[in-house]
Structure formats: structure tokens, C-alpha cells
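Quick note on the numbering used here: the sequence shown kicks off at 4 and runs consecutively. Even glycine gets a Cβ: it sits at the ideal position worked out from N, Cα and C.
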Amino acid sequence: MTKREKERTAKTAGKKNTVKKTVKNKAAKAAEIKEIEKKTAKAAADKYADEAKKTPKAAKETGKKAAKPAKEKTAVKEKAAKPAKEKAAVKEKAAKGAAEKAAKTTRKKAAKGETPKAAGNKKAQTVRIPRRKPAPWVKIIPLGGLDRIGMNITAIETEESIVVVDCGVAFPDESMLGIGKIVPDVSYLTEHLDKVKAFVITHGHEDHIGAIPNVIPQVNVPIYATKLTIGLIEHKLEEAGLLETTVRKVVQQGSTVDLGDIQVEFIRTNHSIAGASSLAITTPAGVIFHTGDFKIDYTPLFGDPTDLQRIAILGSKGVLAVISDSTNAIRPGFTPSETKVADAFDDLFAEHTGSRILVATFASNVDRVQQLILTAKKFGRKVIIQGRSMEAVMEIAAGLGYMKIPEDTLISVDEMNDYPDDKLVFITTGSQGEAMAALSRMANSTHKKISIKPGDAIMFSSSPIPGNEKAVSKVMNELSMKGAHVIYQDTHVSGHACAQEIQLLYTLLKPKYAIPMHGEYRHLRAAAEIAAGIGIPKENIFVLSAGDVLTLSEDSAAVTDKVRFGEIYMDNTGSGDVGLAVIKDRQNLGERGFVMVAAAVDYGSGLLAGYPKVISRGFVYLKESEELIHGIEEEAAKAVEWAANQPGYDVGRIKGEIKARVEDYIWKKVQRNPIILATVIEI
């Protein structure tokens, strides 16, 4: 190696040593710096701990400052990750849409009866189809108007609302002594008062409005009806002192009222009173068509014919159920038009030109009264109205424009002696044989101003309500015995539809369900047969009883419950619930009579202080039964004597013994069983 090469190698080695030394020095310096940082961090941590012990708030702030860099670092990371998250969300949304689309397709295939198949080798997925919501329902709850004529009232109930159709009375039969009218028990309505929205009234007859003054104090909701019907209702409310507290709404035929989730349309129809309406009741479950009392008169004397066009339109749109008047369902054909009665009146007036004419009809039969007044005017006769209810109805109808009374036609009963008999016509109440009606009082000679004369022509322009036949016959016989000529044929046509009219209505409406109403059971069965005859399945026809709850939907129908219903008996003054027990007592008294025995007894000894006295009512006539009455007195005396010989003084024992001995004695003597009342007077 040359000298030059040695110098170069030595120089290179020196540089290497210098580099190694430098690296070593840097490493030592770095370790020193690291140790210093470690000590500094520990000192800072100790300081923060000490501060936390002294002031928690300061420590918290210090911790926040210490954590700030970490949070900022996390925020930077989240910002960087945001695009990735948004991308994932888009993918998830797309996947969810695809799943919903697949589920919809599966439901359609299932509806067609197809079974979903697996695509390729992938496993078929089961799609859960949501459960179908229950179909909307409506309940029809008759609280009257079934199994008898009268007391019509029906509740139509949905989930939110109750609307009540009509609120009428029933009339008592001859066994209901002292009863003036029968009104429905509306306990179900009072129990669900928060749901009851209104009364909707089909027309102004008593069997549809007569109970309103009795029911409104319990169920005070608005009343909706046509003008004449509201006028008649207001008269009743005013008499009862309820006019100011009851809301009344006049409805035009053809218009609709909203009542909660129920809408009610009033549809023009024909009956024996103006303003009669059928009701199209729209509920969430479908349309319920309530006919009210109706007939189809193509040539009515007053007003327009039934709105068959509107009824047909409803049928074309779909009707869930029809509630139909069934009164004349047992009669074939069509009910004759009122024009037939007008012609009959002309013939009868022409036939009886030399005598007085008396016509008995319903007070509320406004059209019939109007026709009689026009016929009387035509034959030059004056008209006298008799009966408080008829006078009130005429005044209301004339005031509202439903009657046109020719000038100088009406006169008062006090003016009748100013005209000869052949110039007088009396229009009166009493066509149903009511005991207190004007014609009944004329028949039994208790009317204060009008007496029946031989030769009087008396026309009954009505048909007896079932149950009133005997009462009507009795009045007719009494009139005949006074020499009157009684006429009861061709002077009346019904206001109710016969079989073919009911059939026509069902044909136009095409309902899914049929509910006959308003009539006795035989009428309801006949109406059910008419519905079946036009193709309504028998399982969709319901002959109900009062209190039944018929629940309907588009899918099903069934009687699902029974609610409280009943009859409340009002006396002839129109006040008080008489009750069945009282009626039974009255029937017992009427059938058996009673005997009251009064005995005066000495308080100290229990011996008779005077001879017993006997009072009898409805049993025997005392003056003609002296021997029987004397025997009763002797038995009573023996009873008191026996009781006085028993230990202890007991008034109850004395009464019981008198009753037992007298009952036994009367049965042995006359085989009768009167009600025995024993009274002890202590002296």
C-alpha cells in the first residue's frame, strides 16, 4: 500500500468514527429529551390531580382542555368517514325499496293463488302480509215498533255515534185500565248519552212523535224533521214546558244532515200526512235505508209522489240494509190512492143530502181533513171541528201552509143551531173508539153540546188499529142504537204499502240485508217472505224483537246482544209510570171486585166495640144481597171474638182471621173470590 492510499484509508476511518460518535451523541440526547418529556407529563398529571382535589370545576375544565386535542382528532376521523356512511345509507335505502317491491309482488301473487318461488339457487324469502283491518260495523237496535203497532223507536249506532229514528207512543188496549199511552224505556240511550247525536223523525203521527215529551228530559239532543213534523212536535213540547230547552231543526226533503260519523238524507215519500220522509242513513259500514211509514201513491191529492228516482240512484250505488214498514205486508197488490177516498166522499155527500154528516178520522191525518173540508165546501156545508187534538193539528197545519181552508167554511159548535142539519158536517176524533174522544162521548150521551139524532150519517174514515176492534165496534153499536146510519166502507185507504209496493222498493234498492219493522209478528214474517221472494238470501233477512242488537258489516251480520228495553205505562193525565203491578191490581179489581170489612175493637180487651161494616165495589150490589152481606158481618164478628180469646192483643191476628173467615164464607155461598180488605179501628 502506498503512502497516499494509507492516508486515504486513515481519513475514511476517521470519518466513520466521527459519524458513529455523532449518532451515539444524538441517541443519548434523544433519550435525555424523552426522559425530560416523561417527567414533564408526570408533573402535569400530578398537577391536574391536585387541582381536581382542590376545585372539581377547575379539574373538569382542565380535563376538557386536555381532551380537546383528542376530540378534534376524532372529529377529523368522523369527517373522513362521512362519505362512506352516506354511501352505505344509499345502499340500505335501495335494498329496502327492493324488499318492499318484492313484498308487494308476493302479495299480488298470493291474492291470485300463486306461490312464491326461489330465484335460481337462492332460498325463497317469506314475506309477512299485514293483517287486514276489521270491517266497519253498524248496529241496528229497535227499542220498540216490533210485535205491535206503535211505539216506533230505533237506534242506529256506529263506533262514534248513535242516531235515533222516531220516538212514538203505543196505545193501550181495553185491558189496560186507566192507561192513556205507553212510552218506550230508553235506558240504553241514557247509558250511552255521550254518543247520542240526535233524533231524526220520519213524520208527525203519534206513534212516531208522541213519546218525545217523555224522553227529551232524559235524552236532550237536537230533533231533526220536516216543517210540519217539527210544528207538531213543538206543540207537544210547549204543552210539556220543554220548548225553550229543546233544539229543533227543520230539514228540507232532499237535504242531508251530518251527525258525527253518520249522515242522514231525508227523501220524499207518501203517507197519510204531509212531510213524510224515508231516511238514507250513511254509516262507515254502508247505507241503511229506513222507509218510515210509506206507500207509493202515483196520484196523491196533495204534494208530490214518492221520490222513486232518488231511491233508484241509491240502489245503484249500493245499499247495505233496508228497514221497511211492514204494516200491510199481508195484503197483496198496491194500496189505493187517496183519490179513491175523494171520489167516495163525493158519492156519500150526494147520497145523504137531507141529514147531518159526521166523519171520524185521525187528528193527524191532515190530507184527509183537508179533503173533507173541500168536499163540504163543494156541497155547500159548514164544517165543525170536534176534538182538542184535531183542533190543534189543524191550527198548526194551516199556519204552516199545509192546509187551505176556504173562507166562511169553518164555524164553532155554538153556531150549529143557526144552520139546518143538511148544511152541517162534523169532523171529529174517536175513530179508534177512544173512551174520551168526541165521537165516543156523543155515542154514550156524555158530550155537552152535540147529541146524535136519528138519520145522522156517521162515517168512520180509518181502519181499526189491531187491538182496538172491540172498542170501535162498541161505539158503532151505540151510534146505531141511537138511529144513526153508520158507514165504514170506502171511506178510508191506508197510508201503508201493500206487498207489491214493498217488493218494488226492495227491487229498486237491492239491499244486502232486509230488516222488516213496524208491525205485529205476522206482518214482519210476511215482509220477510217478500224480501226472500226477490232474491235476498234468507240468512240475510232478520225478523227482530225489541232490544235485539243486530250488528252489520259488509262481511257479516248477526244478532250479537240484547239491551234493556220495555214499556212505561202513563195514566190518562200523561204523567207518572203506572207500572205493571198497578195494572194487574186494576185488572184484578175489575175481574173480581173487592169487599172491605171494617171492625171497631176495644184497645184494652180486644172485644168488638161496634158491629162490623161491609163495603163492596165490583162484587155484588149491596141492596140486592142483604143476606150475603149480613153473613159476612157475622163472620167478621166471630173472627174478632176468636182473636180476643187468644193470649196477647195482636191487630194483625185480628185482620188475618177476618180475611180468612170472610173469603171462605163467600166462596161457599157464591163460588167467587173477591179481593178482601180487612180494617181494624182501635177504640
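Quiz item: In the structure shown, what three-state DSSP assignment does Ile233 receive?
Solution: helix
Quiz item: What is the rounded straight-line gap between the Cα of Val683 and the Cα of Gly613?
Solution: If I take the Cα positions, the gap works out to 11 Å.
Quiz prompt | Beta-carbon proximity check, Asn273 vs Ile299, cutoff 8 Å | solution = yes
Quiz prompt | Exposure label - Arg620; buried when at least 16 CB within 10 Å | solution = exposed
Quiz item: Which residue comes first and which comes last in the beta strand (DSSP E) that contains Val489?
Solution: 488–490
Quiz prompt | Supposed contact pair Asp574 and Ile182 - C-beta distance, whole angstroms, cut 8 Å | solution = Yes, Ile182 and Asp574 are in contact; Cβ-Cβ is about 7 Å, under 8 Å.
Self-check item: Where Met573 sits in the DSSP three-state scheme
Solution: strand
Quiz prompt | Proximity of Thr232 and Gly171 at Cβ, strictly below 8 Å | solution = One thing to note: Thr232 has its Cβ no nearer than 8 Å to the Cβ of Gly171.
Quiz prompt | Supposed contact pair Pro519 and Ser327 - C-beta distance, whole angstroms, cut 8 Å | solution = 6 Å
Quiz item: In its own chain, which residues sit with a C-beta less than 7 Å from the C-beta of His526, not counting the 5 before and 5 after it?
Solution: Listed in chain order, the non-local C-beta contacts of His526 below 7 Å within the same chain comprise Ser329, Thr330, Ala332, Ile333, local neighbours out to five positions each way being set aside.
Quiz item: Where in the region 274–332 do unbroken runs of the beta strand (DSSP E), each at least 3 residues long, occur, reported from the N-terminal end onward?
Solution: 280–286, 289–293, 324–328
Quiz prompt | Run of the alpha helix (DSSP H) containing Phe202, from where it starts to where it stops | solution = Not the alpha helix (DSSP H): Phe202 falls in the beta strand (DSSP E), residues 199–203.
Quiz item: From what residue to what residue does the beta strand (DSSP E) around Gln266 run?
Solution: Counting along the chain, the beta strand (DSSP E) containing Gln266 begins and ends at 265–271.
Quiz item: Within 10 angstroms of its Cβ, does Tyr405 collect 16 or more other Cβ (buried), or is it exposed?
Solution: It counts as buried.
Quiz item: Expressed to the nearest angstrom, what Euclidean distance is found between the alpha-carbon atoms of Asp296 and Gly148?
Solution: 11 Å
Quiz prompt | Euclidean distance between Cα positions of Asn713 and Glu209 | solution = Outside the shown range of the chain (4 to 686) lies residue 713, about which nothing can therefore be said.
Quiz prompt | Anticipated Cβ contact below 8 Å, Ser358 with Gly207, distance rounded | solution = For a cut-off of 8 Å, the C-beta gap from Ser358 to Gly207 is around 33 Å, too long to register as a contact.
Practice problem: Going by CA-CA distance only, name the one from Ile159, Ile219, Val344, Ile490 that's closest to Ser434. | Solution: Ile490
Exercise. Identify whether Lys513 lies in helix, strand or coil by the three-state DSSP scheme.
Key: coil
Quiz prompt | Rounded straight-line distance, which links the Cα of Ser497 to that of Lys343 | solution = Taking the straight line from one Cα to the other gives about 11 Å.
Quiz item: Between the C-alpha atoms of Gly123 and Pro137, what's the straight-line distance to the nearest angstrom?
Solution: At Gly123 the pLDDT is 46, less than 50, meaning the model places this residue with poor confidence and gives no usable figure here.
Exercise. Could you check if Ala121 is buried or exposed, using at least 16 other CB atoms within 10 Å of its CB as the buried criterion?
Key: Because Ala121 carries a pLDDT of 43, less than 50, the predicted location of this residue cannot be relied on, and no value is offered for it.
Quiz item: Using DSSP with H/G/I as helix, E/B as strand and the rest coil, what is Lys126?
Solution: Interpretation of Lys126 is limited by its pLDDT of 49, a score under 50 that renders its predicted location unreliable; the figure taken from the coordinates is listed afterwards. If DSSP states are grouped into helix, strand and coil, Lys126 belongs with coil.
Practice problem: Could you check the C-alpha separation between Lys320 and Ala283 for me, to the nearest Å? | Solution: 12 Å
Exercise. Look at the alpha carbon of Arg528 and the alpha carbon of Val546, and state the distance between them as a whole number of angstroms.
Key: Their backbone Cα atoms lie some 7 Å apart in a straight line.
Quiz item: In whole angstroms, what separates the C-alpha of Ile453 from that of Glu398?
Solution: If you take the alpha carbons of Ile453 and Glu398, they lie about 22 Å apart.
Quiz prompt | Alpha carbon of Val218 to alpha carbon of Ser367, nearest angstrom | solution = 21 Å
Quiz item: Using DSSP with H/G/I as helix, E/B as strand and the rest coil, what is Lys456?
Solution: coil
Exercise. Verify whether the separation of the beta carbon atoms of Ala647 and Gly609 is less than 8 Å.
Key: yes
Quiz item: Do you know whose CA, among Val654, Glu685, Ile618, lies nearest Pro677's CA?
Solution: Ile618
Practice problem: Note down the Cα distance separating Ala474 from Val604, rounded to an integer number of angstroms. | Solution: When rounded, the distance between both Cα atoms is 47 Å.
Exercise. Closer than 8 Å by C-beta to Tyr1: which residues in its own chain qualify, once you throw out the five before and the five after it? Chain order, please.
Key: Any property of residue 1 remains undetermined from this structure, which presents the chain solely from 4 to 686.
Quiz prompt | Neighbourhood of Arg595 by C-beta, 8 Å cutoff - its chain only, sequence neighbours within 5 removed | solution = Gly621, Phe622, Arg675, Asn676, Pro677, Ile678
Quiz item: With respect to the alpha helix (DSSP H) encompassing Leu351, which residues constitute its N-terminal and C-terminal limits?
Solution: 341–354
Practice problem: Verify whether the separation of the beta carbon atoms of Ile204 and Asp169 is less than 8 Å. | Solution: Yes, the Cβ-Cβ distance between Ile204 and Asp169 is below 8 Å.
Quiz item: Would a C-beta distance cut-off of 8 Å place Val600 and Ile635 closer than the cut-off?
Solution: yes
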